[in-house]
Amino acid sequence: MTYTAAALLGVVGALAVDLFVLRTRLVLRGVFWATYPIIVFFQLLSNGVLTGRNIVRYDPDAIVGLRIVYAPAEDLLFGFALILLTLSTWVWLGRRGVQRTPAAGEGSRVLKRLRARPRRDS
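Okay, so the sequence shown: first residue is 1 according to the UniProt record's numbering, each after it adds one.
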């Protein structure tokens with residue numbers, strides 16, 4: 001499978017999850033598209049550094065050939081799929097009441113149990 005085919009498959013899969021599986025429908029919201037250029041800017045910046053310095057190289061036979069800031073255009077497709085899938089899952093979990101309030105610093109259940117155990121002083 002070429003990099004292009006994998007990128008297109010990723011986009012189709014992420015769209016299917018967003019629209020039909022989780023039904024969050026983020027791609028139908030204006031706020032998603034209004035904020036997406038911020039993500040694209042930083043993606044192009046990091047891709048430009050990685051591919052411009054030859055840290056990451058692509059097989060020319062596996063990509064279309066169109067490059068944006070040194071990186072293949074397919075990277076933007078993968079980035080879109082990654083962001084959409086992550087945000088869709090986050091919204092879906094939020095709608096189901098998973099961690100409705102911030103819990104930073106509370107730790108896991110294991111940490112709570114350890115804190116609740118009596119300490120042995122030496």
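The C-beta atom is built at its ideal place from N, Cα and C for all residues, glycine as well.
Subject >> Alpha-carbon spacing of Arg-95 relative to Val-21, whole angstroms >> reply: 14 Å
Subject >> Cut-off 7 Å between Cβ atoms - residues of its own chain near Leu-85, not counting five sequence neighbours on either side >> reply: Ala-14, Val-17
Subject >> the segment 23-32 / the segment 56-72 touching (three or more Cβ pairs under 8 Å) >> reply: no
Original post:
Which residues does DSSP pair with Ala-71 in a beta bridge?
Top reply: Ile-68
**OP:** Inspect the beta-carbon positions of Pro-72 and Ile-63 and report whether they are closer than 8 Å.
**Re:** yes
Original post:
According to DSSP, is Ile-83 helix, strand or coil?
Top reply: helix
**OP:** Quick one: grab the DSSP three-state call for Leu-22.
**Re:** coil
Original post:
In terms of residue numbering, what span does the alpha helix (DSSP H) encompassing Leu-28 cover?
Top reply: Per DSSP, Leu-28 is not a residue of any alpha helix (DSSP H), being assigned neither H nor E.
Subject >> Burial state of Asp-75, where buried means 16 or more other Cβ atoms lie within 10 Å >> reply: buried
Original post:
By a C-beta neighbour count over all protein chains shown, 10 Å radius and 16 as the cutoff for buried, is Phe-42 buried or exposed?
Top reply: Counting Cβ neighbours within 10 Å, Phe-42 comes out exposed, since fewer than 16 surround it.
**OP:** Check each candidate in Leu-9, Leu-45, Thr-2, Tyr-3 and name the one with the smallest Cα separation from Ala-81.
**Re:** Checking every option, the nearest Cα to that of Ala-81 belongs to Leu-9.
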